[in-house]
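Residue numbers (our numbering), protein chains in the order written: chain A, 344 to 470; chain B, 876 to 1245.
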């Protein structure tokens, strides 16, 4: 049973968003990290890059696979998680906390509301 | 419909993540690749290799037949010994790499890649029709036999307990030796060979005993740290020690010389398939060479098919690549021009459009600290 915090919003492709005013933090879910198993590398977007919702903007790699991460929201990247460079395993051990990927200034503060709430995402992954 | 080995249910019960591998449904890992890799390097791991193929070669002409179709010298083998060898086509291209064991004076057992059973068996049958095949019987036993590999530094402590009786104590075997034992009234062959760079054994026996043999091994190995290990760890382990994988370092267009396996090509034993080309390549060198490399700057893991650059030019391709769990950096093998193949050569691996620095190194990339 994967952890699905109720204060976050979710994308079908297993990214999560934590909103704080017109900024948001983005990462991947517990379900996603469990599927990947050991994360060995995370490629993050450049700070200041403008992304559109649905655009591939990061790559998370396990031993066997490289998976694209699609930005669940539109805006401008303002910060990336430098800790993942030396410790990509944070994505596995703390996917909703220290394993965050990037922070973004939202171009549309209402956009996260169209994402899945915890219950709906839970139905998707738990069947 | 994917094929399943006799151990499929055992894998399900162990919670294995199952994936498609060459038409088979196999465990890629049970816990994680990193953990299973570590267990094999520090204790012991048990692998299902029932999907691999087994072919018996028997009869008065068996030895000379094998010396015609394989590159290594079968005459080096005494009864109870095995050797790594390659089976080439007349152009010197590799049909398969395999192990051949001498079980009796004119009785041999070939262990071949699962993905090549359908290529190897027709080839052997066809070759046995020629005059070199006089007095030779080729029998494909891949459906009736299964195999298990148990690999790691603690394996010798419990391997003898995996079977009920044995002709020679498996723990007393030297590397590449093989002995016959019995389990549940059926013969089992135990060979001190493996594909991980660790000490270990490969057990071959009737498919019908595999599940019980697997359970016996897990039982007696538990106290020595034995854990199930999947194909993911099998791949990272063999890449660290630069063992080739057919379809990557080897295929029908690659020769053993290009692959760096000239040690297993015996040019002075007499004629064999591919000898002319291989002799020329041993003398003059081949245009390309399979080298080992490691990443020397922080990068995503190198992977098969990534382009290799040298001096601003694309020169080759990665054939195997991964994050090395033991060394915690990207490693792999690639084909490059022979002029670039010296250890120390600086190359670049192109990953998603960006080039990262790497260095050609001697094989094996990982070596146990002695």
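Positions of the beta carbon are idealized from the N, C-alpha and C atoms, including for glycine.
Owing to the predicted nature of the structure, the values given are computational and were not obtained by experimental measurement.
Membership of residue 1184/B in the beta strand (DSSP E) is indicated by the continuous run 1182–1185.
Annotated three-state conformation of residue 1002/B is helix, per DSSP.
Secondary structure at residue 433/A: helix, using DSSP grouped into helix, strand and coil.
Residue pairing by DSSP places residue 1199/B opposite 1204/B in a beta bridge. In its chain, beyond the 5 residues on either side, 898, 899 have a beta carbon closer than 6 angstroms to the beta carbon of residue 878/B.
For residue 958/B, the beta-bridge partners assigned by DSSP are 975/B.
By DSSP's assignment, residue 410/A forms a beta bridge with 403/A.
In chain order, 954 place their CB closer than 8 angstroms to the CB of residue 980/B, counting only its own chain and leaving out the 5 sequence neighbours on each side. For residue 972/B and residue 939/B, the gap between their C-alpha atoms comes out near 19 angstroms.
Looking at the DSSP output, residue 1150/B bridges to nothing.
Between the alpha carbons of residue 1019/B and residue 1081/B lies a distance of about 6 angstroms.
Between the alpha carbons of residue 931/B and residue 902/B lies a distance of about 28 angstroms. Among the residues of the stretch 895–913 of chain B, those with a Cβ less than 9 angstroms away from any Cβ of chain A are 903, 904, 906, 907, 908, 909, 910, 912, in the order of the chain. Closest option to residue 1103/B, judged by alpha-carbon separation, among 962/B, 941/B, 1243/B, 919/B: 919/B. Residue contact check for residue 893/B against chain A: no CB pair falls below 8 angstroms. Looking at the DSSP output, residue 963/B sits in a beta bridge with 969/B. Boundaries of the beta strand (DSSP E) harbouring residue 358/A: 358–363, taken from the DSSP string. Against chain A, the beta carbon of residue 1213/B has no neighbour under 8 angstroms; the closest one sits roughly 31 angstroms away.
In the same chain as residue 1239/B, and ignoring 5 residues on each side of it, the C-beta atoms closer than 8 angstroms to its own belong to 1072, 1115, 1116, 1117, 1167, in chain order.
Cβ atoms of residue 1175/B and residue 913/B stay farther apart than 8 angstroms, at about 21 angstroms.
Within 8 angstroms of the CB of residue 463/A, no CB atom of chain B is found; the nearest one sits about 26 angstroms away. Excluding the 5 residues flanking it on each side, residue 373/A has same chain C-beta neighbours closer than 6 angstroms at 345, 346, 438, in chain order. Inter-residue distance for residue 1013/B and residue 996/B is about 8 angstroms (C-alpha atoms, whole angstroms).
In terms of CA proximity to residue 382/A, 403/A leads the group 426/A, 403/A, 391/A. A distance of 8 angstroms or more separates the beta carbons of residue 1037/B and residue 950/B. Distance from the CA atom of residue 1209/B to the CA atom of residue 1193/B, rounded to whole angstroms, is 4 angstroms.
Across the stretch 1187–1204 of chain B, CB contacts with chain A closer than 7 angstroms involve 1197, 1198, in sequence order along the chain. Here residue 988/B has 971, 1121 as same chain residues with Cβ atoms under 6 angstroms from its own Cβ, once five neighbours each way along the sequence are excluded. Under the three-state reduction of DSSP output, residue 1230/B falls in the strand class.
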